[in-house]
Amino acid sequence: MDMAQQSYFCLLTALQLSILPNLEFLSIDLYDGLDGFGSRLLNSGELLLPYPYLPQVVAAHPSHFARLSTIVFLSPYHYRQDSLGLEQVSFLFPVLTNNRVAFFDRLLGEKDNRYQEPHPPAPSPELGWPALPSLEEIYFSPCARPSDPAPLVAISKLMQRCSQLKKLVYWHKYPGRKSPNSFSPIALVEAILPAKHTLLHLEMYCNSAKIPLFPIQTLVDSRLREFTGLKTLVVDEEIFCQHWLSDSCQDSCLVDILPAGVSSLTVRIHDKYKVVPDIVRLGRDVASGRYSRLSRLQVYVLRDVAGPLDPYNFDELLDVFDSEEYFLYGVQSGQWQQAIQALADTIRPTVVQAFNGTDVAVKAEYLYEVTVSEEQRL
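First residue of the sequence shown: 13, per my numbering; consecutive thereafter.
Next up, the structure:
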């Protein structure tokens, strides 16, 4: 797309917003229709600001955004741990006063080699967002950085201002083989601790279900139990189960992290699962009177990866199963679903039996991997 076309579409966007007085939903793409990152760079290495006409429209019609309840930021380019990459749409935040739901979609964290970081770094505009104290739901889907750390410092600062947050969904692209230590699950828990008294619903995904590479000290631990109001928890076994890394640990990986008030628990397990003994242990604890509020348990068996077309797997995908470590090694791709479904069928009796005699409704089945973004748009 050339500059003339780009300017034309930016003008159309501005005109549309100028004649829509009662916006309730807005999705703004920081790609702004450009084909690639390099086409947004000036010779100086600075970023070309997207939406050149929008600041004037927003300033002239602030009332158009008064009823806006949901905002989606698509493809923000965050390069630092303390930045969500929203500097280019800073003009929006003063008029976003009544938002309740925010999506940070496809936080890629990529940058062109020619890009020059401003000195000093630009402040994070979202920290002055008037709606932060009233936000109730935040989605990060996904944070797909291939090699660098996730923006957990920025997320922590955001959480400190979200005094009414009830739901948080965080989906991280699984660290690649070249940078297995770029994400720490317990660091994510620490980053969202400011919301521990208000959060009712928490989902933590680390897509895709590859053989875990996390050092044991980075796994989620008992600090998750500080979320005393939590009712719903969805978690992947790779981010808390120590059995992947040690044969000597007890079968308490799950009960050691589970907040006492959780009523709905979903555990997504690898097809080379290690966490089933921990789930059985949870069943014994429930039968003995612990976790009395737990009423629903869902166990989903995941496929190894989302597949060769998954845009967030940056490593080589065509040979991803060229290892006997993987359940699907040697299985024809057309038979993957059938194989995983059969595996779920073998796990189900053990999981169900563990909760016999309790009031917990148990489900164990195969789950085709669907991204958080896709789930929200279905």
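Yeah, the Cβ is synthetic: ideal placement off N, Cα and C, and Gly gets one too.
Close CB contacts of V274 within its chain, under the 8 Å cut and outside five residues either way in sequence, are with L242, K243, T244, L245, Y303, R305 and L306 (chain order). Remark: C-beta atoms of N110 and A78 approach each other more closely than 8 Å.
The three-state reading of DSSP puts F226 in coil, since its state is none of H, G, I, E or B. Around G97, the same chain offers P88, Y89 and H90 as residues with beta carbons nearer than 6 Å, after the five sequence neighbours per side are excluded. When the beta-carbon positions are compared, I281 and L314 come within less than 8 Å of each other. Check the Cα spacing between V267 and each of C22, I291 and R92: the tightest is with I291. Under the DSSP assignment, I83 falls in the beta strand (DSSP E) whose first and last residues are T82 to L86.
If only complete runs of 4 or more residues are kept, the region 141-213 shows the alpha helix (DSSP H) at 164-173 and 197-204, in order along the chain. Between the region 340-350 and the region 360-371 there are fewer than three inter-stretch CB-CB distances shorter than 8 Å, so the stretches are not counted as touching. Short of 7 Å from the beta carbon of A203, and not among the five residues preceding or following it, lie these beta carbons of its own chain, in chain order: L164, I167, S168 and M171.
Nearest in C-alpha terms to P133, of all of I150, R118 and Q93, is Q93. Spanning the alpha carbons of F85 and D41 requires a straight line of approximately 6 Å. For L211 against K178, the beta-carbon gap comes to about 7 Å, under 8 Å, which counts as contact.
Of all alpha-carbon atoms in A356, K208 and R308, the one lying nearest the alpha-carbon of V372 is that of R308. In this structure, I198 is the residue among L23, P271, I198 and F239 with its C-alpha nearest to the C-alpha of Q254.
As a beta-bridge residue in DSSP terms, L119 pairs with C155. Following the DSSP letters along the chain, one finds T358 in no beta strand (DSSP E) but inside the alpha helix (DSSP H) bounded by residues W348 to A366. With distances taken between CA atoms, L355 lies nearest to V288 out of R293, D297, V288 and L104. Note: Q310 is bridge-paired with T278 and K375 in the DSSP secondary-structure output.
In the three-state DSSP reduction, F37 falls in the strand class (E or B).
Secondary structure remark: continuous beta strand (DSSP E) runs of at least 3 residues inside the region 236-302, in chain order: 244-248 and 276-281.
Contact between F105 and P67 does not hold, since their C-beta atoms are separated by about 12 Å, which reaches or exceeds 8 Å. Annotated as distal: D263 and Y217, with beta-carbon spacing of 8 Å or more. When the Cα atoms are used, P206 and E238 turn out to be separated by approximately 10 Å.
By the Cβ neighbour-count rule, H76 is buried, with 16 or more other Cβ atoms within 10 Å of its own.
Classified as exposed, A272 has fewer than 16 neighbouring CB atoms from the shown chains inside 10 Å of its CB. Membership of L66 in the alpha helix (DSSP H) is indicated by the continuous run L66 to A72. The three-state reading of DSSP puts V113 in strand, counting E and B together.
With 16 or more other Cβ atoms inside 10 Å of its own Cβ, F252 counts as buried. Rounded to whole angstroms, the separation of the alpha carbons of Q344 and I352 is 12 Å.
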